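Convert by adding 177 to the 1-based position in the sequence shown; the result is the number in this note's numbering. Virtual Cβ for every residue (Gly too), placed ideally from N, Cα, C. Computed from a predicted structure; not experimentally measured. A short worksheet on the structure shown next.
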Amino acid sequence: SSSLSRPTDSSPHFHHPLNIVARAMANNMQFSMIGDDFGPLFHYQYRLILIGDSTVGKSSLLKYFTEGRMAEMSDPTVGVDFYARMIELRPGLRVKLQLWDTAGQEKFRSITRSYYRNSVGVIVVYDITSRASFEHVPGWLREAEANVGGPYPGQCVFLLVGHKADRDAERQVQYEEGEYLAKHHKMKFLETSAITGDNVLDTFMTVAHEVNSRLETGALKTMDGWEGIKTGSQRAQSICLSEADLTGDGSSSCSC
């Protein structure tokens, strides 16, 4: 949860959106917000799912992205784990990424399939030191394409990730091979490392930007009962506060 302080006019962060919220709260203003424990507001929520063989590093990617640090060695995911992070795609456009980490073992595949339907983005991960994990990518793609849902399943965003790029000396899959496979399936490709952090942020931002682009052009849209893309409440798309509101003199020239 976010700690809301009340900065002074001279504070360099005085005009930060969260501090505007804090000052509004101090003046007993009424407004709607989206988020947990008065966290950052968001305009949209995108649900993304990570798939791929067990031990390719899906969990470490997610932990690095959401916690900003290298993950400890961990046991394979059992079933499905959940992560979340708020991002800003451009000034004023905040998106909450809801991230589902799936188990790669065959015995959990039926659980994994049920989560495809409510995802707008699919990140397929292989380990560059494991030839087998790369060769299994087409199978993961077929399964995902057969199970994604929403109003336009064919418009769900796919990204291919070659993980553990820091272990280049043990590489069994060349960069060009991953790039070629991604082009063949009409998706983007990145190599990442949760040890160095290389391309971890770019992985999730790339998918989020593409979802947003398709949403803005109408190739994707929200749909009742589908969790892939959700909007904030109608009146809470933004907070619009004037300095008059914040100083409490009762006048306002701001219209949302």
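Residue i at chain D interface by Cβ criterion, 9 Å
i: Asp375; result: Checking the listed chains, one finds no chain D in this structure; it contains a single protein chain.
Residue i versus the options, residue with shortest Cα-Cα distance
i: Val272; options: Thr394, Glu387, Met400; result: Glu387
i: Lys365; options: Gln349, Ala385, Glu347, Arg348; result: Ala385
i: Val233; options: Val334, Val314, Ala321; result: Val314
i: Gly327; options: Ala321, Val377, Trp403; result: Trp403
i: Lys363; options: Met400, Glu320, Leu336, Ser291; result: Leu336
Residue i - partner residues in DSSP beta bridges
i: Met263; result: Lys273
i: Ile406; result: Tyr223
i: Tyr303; result: Gly339
i: Val334; result: Gly298
i: Phe366; result: Leu337
i: Thr394; result: Its beta-bridge partners do not exist; DSSP assigns none.
i: Ile372; result: Bridge partners of Ile372: none, in fact.
Residue environment, residue i, which counts as buried when at least 16 other CB atoms sit within 10 Å
i: Ser236; result: buried
i: Arg267; result: exposed
i: Tyr303; result: buried
i: Leu367; result: buried
i: Thr394; result: exposed
i: Gln351; result: exposed
i: Asp278; result: buried
i: Phe311; result: buried
i: Gly355; result: buried
i: Tyr357; result: exposed
i: Gly245; result: exposed
i: Ala371; result: buried
i: Ala323; result: exposed
Beta-carbon contacts of residue i that lie in its chain and below 6 Å, excluding the five residues immediately before and after
i: Arg391; result: Gln332, Leu397
i: Asp258; result: Asp278
Neighbourhood of residue i by C-beta distance below 8 Å, restricted to the same chain and skipping five residues each side
i: Tyr329; result: Ala396, Leu397, Lys398
i: Gly316; result: none
i: Arg308; result: Gln349, Val350
Under 9 Å between C-beta atoms of residue i and residue j
i: Ile226; j: Met382; result: no
i: Gly339; j: Thr369; result: yes
i: Gly229; j: Val297; result: no
i: Thr380; j: Phe242; result: yes
i: Lys341; j: Thr306; result: yes
i: Asp375; j: Asp345; result: no
i: Leu318; j: Val301; result: yes
i: Leu270; j: Asn389; result: yes
i: Val325; j: Arg348; result: no
Proximal residues to residue i (C-beta, below 7 Å), its chain only, five neighbours per side dropped
i: Tyr260; result: Leu239, Thr243, Leu276, Asp278
i: Leu274; result: Tyr223, Leu225, Ala261, Arg262, Ile264, Phe381, Ala385
i: Val377; result: Leu238, Tyr241, Phe242, Thr369, Ala371
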